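**Student:** Take this structure first; my questions come after.
2 protein chains.
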Amino acid sequence: MSEQVADGRIRRGDRTRRLVLRRAVDVASVDGLEGLSIGGLATELSISKSGLIAHFGSKEQLQLATVRAARAIFATAVVEPALQEPAGLGRVRALLENWLEYSSDRRFPGGCFFARAAHEYAGRPGAVRDALAAVDEEWVGLITRTVVEAQQVGEVRADVDADQLAFELTAYLDSANLRSLLLGSAGVYDLARTALARRLEESAP
Amino acid sequence: MSEQVADGRIRRGDRTRRLVLRRAVDVASVDGLEGLSIGGLATELSISKSGLIAHFGSKEQLQLATVRAARAIFATAVVEPALQEPAGLGRVRALLENWLEYSSDRRFPGGCFFARAAHEYAGRPGAVRDALAAVDEEWVGLITRTVVEAQQVGEVRADVDADQLAFELTAYLDSANLRSLLLGSAGVYDLARTALARRLEESAP
DNA sequence: AAACTATACGAACGGTCGTACTATTTACTC
DNA sequence: GAGTAAATAGTACGACCGTTCGTATAGTTT
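As structure tokens, then:
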């Protein structure tokens with residue numbers, strides 16, 4: 038409740054923190070969360086290394102804050118607009134289409150932040166990896182639940198395995214994201230759209 | 038032709054080079070090609086940094102050699118056994134199944150070497166990125182051509198878009214690889230197998 | 001035996017990394 | 001105004017980075 042105290046000192050800190058994280062998510066989407074460097078970040082933003090790290094405590098905490106910031110951007114760009122759609126097949130389509138635009142519009146310069154980061158940490162333990170795994174499960178879980186909702190309103194056949202369908206749909210997304218970056222061509226997004234449309238048609242009642 | 042000169046000096050060098058690369062591909066599959074460190078590699082192998090780098094010239098050359106070594110391992114594990122199968126749907130299935138085993142058996146400790154490395158370099162230019170993009174195109178191209186062959190022998194419908202099908206099939210593979218690492222569960226490979234089988238059945242004449 | 005070549009070594013280079021500790025500046029309270 | 005708290009800056013540290021250099025060793029050639 039008493040959040041809007043408007044203490045100028047704290048506001049200044051928040052502003053700096055946001056400044057750092059805005060840059061950090063972009064850098065990390067290209068160079069990875071390991072590629073984040075405190076010195077490099079500070080130089081780019083014309084602030085001191087010590088002043089920067091004082092906001093986060095350690096590099097790992099900075100990385101975790103960067104994951105949270107990226108999640109917020111993702112939620113705003115992809116999830117929230119889709120939740121305007123009524124539950125059902127339309128909402129599933131909105132989530133998938135928003136994702137493709139989030140990727141192809143390069144909301145992060147390196148494509149999907151989470152695809153980049155998840156592959157970076159998939160093979161080794163730690164808090165960062167756990168955070169990334171949680172976001173991934175959250176996203177796939179959202180697709181799965183939205184598919185189940187679409188079944189409940191009769192827009193997806195009841196015998197469809199929602200987990201299976203969510204796996205395949207998200208697989209198309211990730212593949213289009215990577216290949217568009219690797220080939221430097223946006224044509225793969227059409228392959229993904231074709232695959233998504235076909236797979237959803239097959240699931241219609 | 039005159040390759041088997043058996044010069045003891047060169048044999049010793051080849052042995053060291055192979056030793057380095059065998060370790061390098063494993064390290065890179067977990068920590069990435071950027072995570073390769075000359076000093077770290079040298080320490081693990083009980084050789085000197087300078088002796089190690091003398092074989093490759095620079096870190097980037099070491100990275101490129103690591104990509105080539107990983108490609109050779111991949112070819113041996115996945116491609117060559119499948120080419121024993123006669124051209125057709127069986128060969129397509131063999132390629133896909135071999136890939137799943139290559140991933141789930143952790144032929145590289147960090148899962149698929151190329152998934153890890155491609156995401157690492159997808160967003161930035163350079164020779165390493167180009168090499169990884171080439172391997173990716175080679176792999177997807179192989180799937181596509183094998184599908185076309187299957188069409189020619191009448192085991193896949195002629196109206197199937199081979200590029201589209203290859204996109205979807207490889208998408209399942211990559212997704213299973215990543216999620217198995219992230220979730221620490223092998224169950225996603227079954228999702229991939231189900232998706233692959235279904236998609237191929239749909240393409241049957 | 002002498003000349004040559006490939007491999008491997010140890011030491012040092014300039015840089016950058018993350019982090020800790022110590023001012024200094026800025027903003028608010030009383 | 002003095003006092004306090006938060007944000008920022010400055011400095012230094014040890015560790016590691018990739019790379020270069022000169023040198024020693026092992027193997028081949030003449």
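Chains A and B supply the protein sequences, listed in that same order. Start counting the first sequence at 38; every next residue gets the next number (the working numbering). Start counting the second sequence at 38; every next residue gets the next number (the working numbering). Ideal Cβ placement from N, Cα and C applies to all residues, glycine included. Treat the numbers as computed from the prediction; the structure is a model and nothing was measured.
Between residue 39 of chain B and chain A, is any beta-carbon pair separated by less than 8 Å?
**Tutor:** Legend: pLDDT at residue 39 of chain B = 37, less than 50; position of this residue unreliable, value from coordinates given subsequently. No, no contact with chain A.
**Student:** Which stretch, first to last residue, makes up the alpha helix (DSSP H) that contains residue 201 of chain B?
**Tutor:** Boundaries of the alpha helix (DSSP H) around residue 201 of chain B: 199-220.
**Student:** Is residue 121 of chain B helix, strand or coil by DSSP?
**Tutor:** coil
**Student:** What is the rounded straight-line gap between the Cα of residue 239 of chain A and the Cα of residue 216 of chain B?
**Tutor:** 25 Å
**Student:** Starting from residue 66 of chain A, follow the alpha helix (DSSP H) in both directions and report where the run begins and ends.
**Tutor:** 45-68
**Student:** Against residue 231 of chain B, what residues of chain A qualify as contacts under a CB-to-CB distance less than 7 Å, listed in chain order?
**Tutor:** Per Cβ cutoff of 7 Å: 201.
**Student:** Pick from A:121, A:63, A:52 and A:78: whose alpha carbon is nearest that of residue 183 of chain A?
**Tutor:** Among A:121, A:63, A:52 and A:78, the Cα nearest to that of residue 183 of chain A belongs to A:121.
**Student:** Within 10 angstroms of the Cβ of residue 212 of chain B, are there 16 or more other Cβ atoms? Answer buried if so, exposed if not.
**Tutor:** buried
**Student:** Exposed or buried, what is residue 40 of chain B when buried is set at 16 or more other beta-carbons lying within 10 Å of its beta-carbon?
**Tutor:** A caution first: residue 40 of chain B carries a pLDDT of 45, below 50, which makes its placement in the model unreliable, though a value can still be read off. Residue 40 of chain B is exposed by the Cβ-count criterion.
**Student:** Using the beta-carbon count (16 or more within 10 Å), is residue 189 of chain A buried or exposed?
**Tutor:** A residue is called buried when at least 16 other Cβ atoms come within 10 angstroms of its Cβ; residue 189 of chain A does not meet this threshold and is exposed.
**Student:** With a CB to CB cut of under 6 Å and the five nearest residues on each side skipped, what residues in its chain are close to residue 241 of chain A?
**Tutor:** none
**Student:** Measuring CB to CB, does residue 149 of chain A end up less than 8 Å from residue 141 of chain A?
**Tutor:** no
**Student:** Would you mind working out which of B:124, B:56, B:87 and B:102 sits nearest residue 191 of chain B, comparing C-alpha positions?
**Tutor:** B:124
**Student:** Taking contact to mean 3 or more Cβ pairs, one atom from each stretch, closer than 8 Å, check whether the region 168-187 of chain A and the region 196-206 of chain A are in contact.
**Tutor:** yes
**Student:** Straight-line CA distance for residue 80 of chain A to residue 57 of chain A?
**Tutor:** Straight-line Cα distance between these residues: approximately 11 Å.
**Student:** Using the C-alpha atoms, what's the distance from residue 220 of chain B back to residue 25 of chain A?
**Tutor:** A question about residue 25 of chain A goes unanswered here, because the residues of chain A that appear run from 38 up to 242.
**Student:** Would you call the CB atoms of residue 208 of chain A and residue 209 of chain B closer than 8 Å?
**Tutor:** yes
**Student:** What runs of the alpha helix (DSSP H), each 4 residues or longer, lie entirely inside the region 83-151 of chain A?
**Tutor:** 86-90, 96-111 and 126-141
**Student:** Cβ of residue 66 of chain B less than 8 Å from any chain A Cβ?
**Tutor:** yes
**Student:** For residue 165 of chain B, which three-state DSSP category applies?
**Tutor:** helix
**Student:** Using a cut-off of 8 Å between C-beta atoms, extract the partners of residue 148 of chain A located in chain B.
**Tutor:** Result: 159 and 160.
**Student:** Can you give the beta carbon distance from residue 135 of chain B to residue 119 of chain B, rounded, assuming they're within the 8 Å contact cut?
**Tutor:** 5 Å
**Student:** Quick one: is residue 93 of chain B near chain A, going by C-beta distance under 8 Å?
**Tutor:** no
**Student:** Which residues in chain B sit within 9 Å of residue 204 of chain A, going by Cβ to Cβ distance?
**Tutor:** 209, 212, 213, 216, 225, 228, 229, 231 and 232
**Student:** With C-beta atoms as the reference, is residue 71 of chain A less than 8 Å away from residue 157 of chain A?
**Tutor:** yes
**Student:** Does the region 167-175 of chain A touch the region 229-236 of chain B, meaning 3 or more C-beta pairs lie closer than 8 Å?
**Tutor:** no
**Student:** Which residues, in order along the region 162-175 of chain A, keep a beta-carbon less than 9 Å from a beta-carbon of chain B?
**Tutor:** 166, 169, 170, 173 and 174
**Student:** Is there a Cβ of chain B sitting closer than 8 Å to that of residue 125 of chain A, yes or no?
**Tutor:** no
**Student:** Along chain A, which residues have their Cβ under 9 Å away from the Cβ of residue 220 of chain B?
**Tutor:** 170, 173 and 174
**Student:** Between which residues of its own chain and residue 65 of chain A is the CB-CB distance below 6 Å, once the five residues before and five after are set aside?
**Tutor:** Counting only Cβ-Cβ distances below 6 Å, and skipping sequence neighbours, we find 73 and 103.
**Student:** Say whether chain B places a C-beta atom closer than 8 Å to the C-beta of residue 107 of chain A.
**Tutor:** no
**Student:** Under a Cβ-count criterion, where at least 16 other Cβ atoms within 10 Å of its own Cβ denotes burial, should residue 51 of chain A be classed as buried or exposed?
**Tutor:** exposed
**Student:** Tell me which residues share the same chain as residue 38 of chain A and place their Cβ nearer than 8 Å to its Cβ, disregarding the 5 neighbours each side in the sequence.
**Tutor:** Note that residue 38 of chain A scores a pLDDT of 33, beneath 50, so its modelled location is shaky; the value from the coordinates is reported in the next line. None.
**Student:** Can you tell me whether residue 167 of chain B is buried or exposed, with buried defined as 16 or more other CB within 10 angstroms of its CB?
**Tutor:** exposed
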